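Trainee:
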Amino acid sequence: MAEKKETKKAVDKKTSNVLEREYVIPLRARYQHVARYKKTPKAIKTVKEFLVKHMKIYDRDLNKIKIDKYLNEFLWARGIKNPPHKVKVKAIKNGETVKVELVEFSTKLKFKKARAEKAEKAVAEKVKGKKAVADAVKKETLESKTKEAEAKVEEKEKKASVVEAGKALEKAASKRAKHDTGGKTKAPKRPQRKALAK
């Protein structure tokens, strides 16, 4: 019988629980009576069937079991004809799906996982740096836009004040023109046309 360790973690204050268990799954008894070239695929199917049963998945749907890439690599490490006899896994049930991870890594897989995590971290730092640069550029553009907007507002105010001053001058000039007498001093409306000298 497989060993199991059980822990429950509450994620939200709602009643959604994450169920986390560790199992040692016996594989040999299930793939023993299968053709040589089907042993590892049968071992993978055995892992899924075992977890569907023990994690209480509705309708025993094998598609709801998601196997970690390191677990898959561990099962396939010795080829299609010679899978491991048993495997220790950690199953995490969140809602209807169950994610399965390998617990005990071989040295090769440890190095591979460490390298993948290091690469992931480098990518995250690179993205973080790009975000910082993008934020700085956004700040600069916002500052320049606000300065431009303030300059435009000032220009509009200047234009408005010039227009108002011009209107006031025109009004004063029209008042003066009304009170002027239109005698000989008044200039003709149109200049008189004259022929050019020959």
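With this note's numbering, letter number 38 in the sequence shown gets 37, and the count goes up by one each step, no holes.
All C-beta atoms in this analysis are idealised placements derived from N, C-alpha and C, irrespective of residue type, glycine included.
Computed from a prediction, not measured in an experiment: that's the story for all the values here.
1) In whole angstroms, give me the CA-to-CA distance for Pro40 and Lys138.
2) Hey, how far is the Cα of Val102 from the Cα of Tyr30?
3) Please classify Arg20: does DSSP put it in a helix, a strand, or coil?
4) Once DSSP output is grouped into helix, strand and coil, what is the label at Lys55?
5) With C-beta atoms as the reference, is Ile79 less than 7 Å away from Val46?
6) In terms of residues, what are the limits of the beta strand (DSSP E) holding Glu116?
7) Taking the alpha-carbon positions, what's the Val17 to Asn93 distance?
8) With DSSP as the reference, identify every bridge partner of Glu100, one or two as the case may be.
9) Given Lys125, which residues of its chain have a CB within under 6 Å of its CB, disregarding the five upstream and five downstream residues?
10) With 16 other CB atoms within 10 Å as the buried threshold, where does Tyr57 fall?
11) If you follow the beta strand (DSSP E) that Lys65 is in, where does it begin and where does it stop?
12) Quick one: Cα of Lys38 to Cα of Ile91, how far?
13) Using the C-alpha atoms, what's the distance from Val132 back to Arg59?
14) Relative to the C-alpha of Pro82, which candidate in Arg35, Glu154, Lys197, Val161 has its C-alpha closest?
Mentor: So, to answer that:
1) Translated into positions along the sequence shown, residue 40 becomes position 41. Translated into positions along the sequence shown, residue 138 becomes position 139. Each residue's alpha carbon lies about 55 Å from the other.
2) By one-based count along the sequence shown, residue 102 stands at place 103. By one-based count along the sequence shown, residue 30 stands at place 31. Approximately 22 Å, taken between the alpha carbons.
3) In the sequence shown, counting from the first residue as 1, residue 20 sits at position 21. Taken through DSSP and simplified to helix, strand or coil, Arg20 comes out as strand.
4) As a first step, residue 55 is located in the sequence shown; it is residue number 56 there, counting from the start. DSSP places Lys55 in coil when its eight states are reduced to three.
5) Numbered from 1 along the sequence shown, position 80 holds the residue referred to as residue 79. Numbered from 1 along the sequence shown, position 47 holds the residue referred to as residue 46. Contact flag unset, no.
6) Position 117 of the sequence shown, counting from 1, holds the residue named residue 116. Per DSSP, Glu116 lies in no beta strand (DSSP E); the unbroken alpha helix (DSSP H) holding it starts and ends at 106 to 178.
7) Mapped onto the sequence shown, residue 17 falls at position 18. Mapped onto the sequence shown, residue 93 falls at position 94. Using only the alpha carbons, I get a separation of about 5 Å.
8) Residue mapping note: residue 100 aligns to position 101 of the sequence shown, counting from 1. Per the DSSP secondary-structure output, Glu100 pairs in a beta bridge with Lys89.
9) As a first step, residue 125 must be located in the sequence shown, where it is residue number 126. There are no such residues.
10) For this step, residue 57 is matched to residue 58 along the sequence shown. The residue is exposed, with fewer than 16 neighbouring Cβ atoms inside 10 Å.
11) The residue labelled residue 65 in the question sits at position 66 within the sequence shown. For Lys65, the enclosing beta strand (DSSP E) covers residues 64 to 66.
12) Taking the first residue of the sequence shown as position 1, residue 38 is located at position 39. Taking the first residue of the sequence shown as position 1, residue 91 is located at position 92. Spanning the two alpha carbons is a distance of roughly 26 Å.
13) On the sequence shown, position 60 is the one that residue 59 refers to. On the sequence shown, position 133 is the one that residue 132 refers to. Rounded to whole angstroms, Arg59 to Val132 spans 50 Å at the Cα level.
14) What you label residue 82 is simply residue 83 of the sequence shown in a count that begins at 1. Comparing Cα positions, the closest option is Arg35.
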